[in-house]
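What follows is a short report on a single structure.
Protein chains in written order, with my numbering: chain A, 1 to 274; chain B, 1 to 274.
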């Protein structure tokens, strides 16, 4: 099985290293300097010029570059081709706009770091993490099955299957909204001189505020409706607390906090069951 | 030096254990069952009936109970008395409403857990953490100095000095606002079935959603103005992202994310310097 990884950044580079750890010998493609580093470290067998001739191709590029690659490159007939973008509906629509010789499967690894690039890639990045695999009427079950075997080999502990629309709705909330909140949270002037005034809550709230604005602006706009809806819900919920505070309504404030606690306990139970 | 800890919950119990670890022999006071457990574990020397006769008294009770205790109990003349409440202005106003025979110092440890009670108290809870110590015109420097020695002995790694007003403004932002956001965040219906759709951002956002509504409603209302102002700032900042999204204004959205990233990098530098 000939495997190619296109884009050897944090995700693609970690996939290459994880496959290597599992005994596979993937090839890779990136800018010359990155390819040289990957070759020198024995992470890839060779630098590939294009996807033709490969049985499995992971397209680990940012959304626009990934869509262009999936749309324009020449893949071998029947090749299993997966992207790893943080939005799935837009990529799927791009791929299924035409007949394709390759078998497409949308994927999204639930793992990352606040840093990027091949230098930060590691073989263990996905250990125990969840890989989301989307399905559509045109998805080939054998292609999915082949990929899932490779994901297990990479260390993923859980495969989560859903449609692209389900993925985009969930991710708008669990990931994109969290990035918006973190980015907005740091902007208060009160943040200056915060050191000494926190035991961890502030760090948790603001850990992901330093996002790459080029990548995340695109992810947000490609999932605009779902993210807008979540942001509206959150703002509306925050306004409930604000109005209870301003009215000095202790019972209402307590009720809002209580509902949050019960909801959190429900979600913690769900997590334990799954 | 005779030390009493009033209230042997998570904070008071941990203070007792930390002092014990450092070779001190504090007495304690709580409900009979808690006193029995603390005595049986050798955490306190004896159960005290009142604060009279003690040189140092830590009042580790929730805000209203702490203020009542500080207002009504009979302390030895010159005793150093500290509370550990999460709001400082309200407690200080209560204490300084009269002449007091004791020397009051407002304190707030930047450490906690999502669980409470003596059973969860631990000698290492404060190791490396920051202790905030507030000062006012009536604060006695020798009392502060004596307490700071005890806090170092408890394991605190940093003492942060400020006025009660500075404390309340900072804590409204670094802690209270974070609790409001976490509580509001879990309320989206999209949270159901979140497992498999997160790599950590969602857990960070929602870790503290399960707050004790009785305690935090009081802390919020006792710091209502500062918290309301922070909540208004955050809502207004979130609305900027929402309107950029709804307008599909990529440049504005990128600018908002960029400003967040630069702000985060600034704060990270500040933390490294401090």
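Note that beta-carbon positions come from the ideal geometry of N, C-alpha and C, so glycine has one too.
Note the first and the last residue of the continuous beta strand (DSSP E) segment covering residue 58 (chain B).
56 to 59
Of the residues B:240, B:163, B:126 and B:56, the one placed nearest residue 133 (chain B), counting alpha carbons only:
B:163
If the cut is a Cβ gap below 7 Å, which residues of chain B does residue 5 (chain A) touch?
By Cβ distance, chain B contributes nothing, its closest Cβ being about 20 Å from residue 5 (chain A), past 7 Å.
Helix, strand or coil for residue 160 (chain B) per DSSP?
strand
Would you say the region 28 to 41 of chain A touches the region 118 to 132 of chain A, given that touching needs at least three Cβ pairs under 8 Å?
yes
Which partner residues does residue 247 (chain A) have in the DSSP bridge list?
The partner list for residue 247 (chain A) (beta bridge, DSSP) is empty, contrary to what the question assumes.
For residue 109 (chain B), does the count of other Cβ atoms within 10 angstroms reach 16, so buried, or fall short, so exposed?
buried
Member of A:221, A:141 and A:173 whose CA lies at the smallest distance from the CA of residue 161 (chain A)
A:141
Sequence ranges, alpha helix (DSSP H) only - wholly within the region 105 to 184 of chain A, length at least 4:
141 to 154 and 164 to 171
If you compare alpha carbons, which of A:183, A:29, A:81 and A:181 is closest to residue 43 (chain A)?
A:29
In the DSSP assignment, what residue or residues form a beta bridge with residue 29 (chain A)?
A:6
Identify which residue in A:152, A:158 and A:200 has its Cα closest to the Cα of residue 175 (chain B).
A:200
Would you report the Cα separation of residue 49 (chain A) and residue 171 (chain B), rounded to the nearest angstrom?
56 Å
Opposite residue 103 (chain A) in the DSSP bridges: which residues?
A:80
With distances taken from CA atoms, which of B:166, B:69 and B:90 is nearest residue 81 (chain B)?
B:69
Measure the C-alpha to C-alpha separation of residue 74 (chain B) and residue 51 (chain B) and round it to an integer number of angstroms.
7 Å
Looking only at C-alpha atoms, which of A:6, A:230 and A:241 sits nearest to residue 54 (chain A)?
A:6
Do residue 202 (chain B) and residue 153 (chain A) have their C-beta atoms within less than 8 Å of each other?
no
Quick one: residues in its chain with C-beta nearer than 6 Å to the C-beta of residue 103 (chain A), no 5 flanking neighbours on either side, listed in chain order?
80, 140 and 143
Between the CA atoms of residue 128 (chain B) and residue 186 (chain B) - distance to the nearest angstrom
31 Å
Assign residue 214 (chain B) to buried or exposed, taking buried as 16 or more other Cβ atoms, counted over all protein chains shown, within 10 Å of its Cβ.
exposed
Per-residue burial, residue 271 (chain B) [other beta carbons within 10 Å of its own, 16 or more giving buried]
exposed
So, residue 130 (chain B) versus residue 17 (chain B), is the Cβ gap smaller than 8 Å?
no
So what does DSSP say about residue 22 (chain B), is it helix, strand or coil?
coil
Determine whether the Cβ of residue 267 (chain A) lies closer than 8 Å to any Cβ atom of chain B.
yes
Which residues in the same chain as residue 183 (chain A) place their Cβ atom closer than 6 Å to its Cβ, once the five residues preceding and following it in sequence are excluded?
209
Do you know how far the Cα of residue 149 (chain A) is from the Cα of residue 13 (chain A)?
19 Å
Select from the region 223 to 249 of chain A all residues with a C-beta closer than 7 Å to any C-beta belonging to chain B, and list them in chain order.
224, 227, 228, 230, 231, 232, 233, 234, 235, 237, 238, 239, 241, 242, 245, 246 and 248
From residue 64 (chain A) to residue 125 (chain A), what distance separates their C-alpha atoms?
24 Å
Three-way DSSP call (helix, strand, coil) for residue 90 (chain B) in this model:
helix
Using the beta-carbon of each residue, which ones in chain B are nearer than 9 Å to residue 253 (chain A)?
213, 216, 217, 220 and 221
Helix, strand or coil: how does DSSP classify residue 47 (chain A) here?
strand
Got a sec: is the Cβ-Cβ distance from residue 92 (chain A) to anything in chain B below 8 Å?
no
Within chain A, partners of residue 190 (chain B) - CB distance below 7 Å:
169, 170, 173 and 230
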